[in-house]
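Data first, discussion second: the structure below is written as structure tokens.
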Amino acid sequence: MLINLLKSLGFSDKVSALYLALLRSGPSSVRKLAEISGLNRGVVYDGLKVLQEEGVVEFYEKENKQYFVATSPEKLEEVAHGREKELQKTSQ
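In my numbering, the protein residues as written are 1 to 92.
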């Protein structure tokens, strides 16, 4: 069900897989995410950028290393409702 929501929000298969991997793994470095998801690091960086722009992934630094963490899946529902409101405004 979560994968369907991700796709309905326009996330690609790779970005969706990255978000799900991050949910499963908890706070992770890019290297760890690449290993877990099976994606190369360049794709992971690009995917994280997309997810951060949507507000569903955050990061923090610890010992000069970045760690990324997925926000709650409920945040995806907020994103969906926000997009729905934007569509309603443009159709008026």
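Idealized CB from N, CA, C, for every residue including glycine.
Judging by CA-CA distance, which residue of the options is the nearest neighbour of residue i?
| i | options | result |
| --- | --- | --- |
| S8 | A80, S91 and T90 | A80 |
| V50 | R31, G82 and S12 | S12 |
| A34 | F68, G10 and K62 | F68 |
Between residue i and residue j, what straight-line distance do the alpha-carbon atoms span, to the nearest angstrom?
| i | j | result |
| --- | --- | --- |
| G38 | V15 | 12 Å |
| Y60 | P73 | 19 Å |
| Q66 | A17 | 20 Å |
| Y45 | K85 | 29 Å |
| K75 | L2 | 12 Å |
| E77 | N64 | 33 Å |
Is the beta carbon of residue i less than 8 Å from the beta carbon of residue j?
| i | j | result |
| --- | --- | --- |
| S28 | L22 | yes |
Quick one: what's residue i bridged to in DSSP?
| i | result |
| --- | --- |
| S60 | For the record, residue 60 in the displayed sequence is Tyr; it is not Ser. Answer is Y67, bridged to Y60. |
| S28 | F68 |
Only counting the same chain, and skipping five residues up and downstream in sequence, which positions put a Cβ closer than 7 Å to that of residue i?
| i | result |
| --- | --- |
| A70 | Y19, L22, L23, V56 and V57 |
Does any C-beta atom of chain D lie closer than 8 Å to the C-beta of residue i?
| i | result |
| --- | --- |
| Y60 | No chain D is part of this structure, which consists of one protein chain only. |
Which residues in the same chain as residue i place their Cβ atom closer than 8 Å to its Cβ, once the five residues preceding and following it in sequence are excluded?
| i | result |
| --- | --- |
| R31 | R41 |
Here's a check: name, in chain order, each residue in its chain whose Cβ is nearer than 6 Å to the Cβ of residue i, leaving out the five neighbours to either side.
| i | result |
| --- | --- |
| G82 | none |
| I36 | A21 and S25 |
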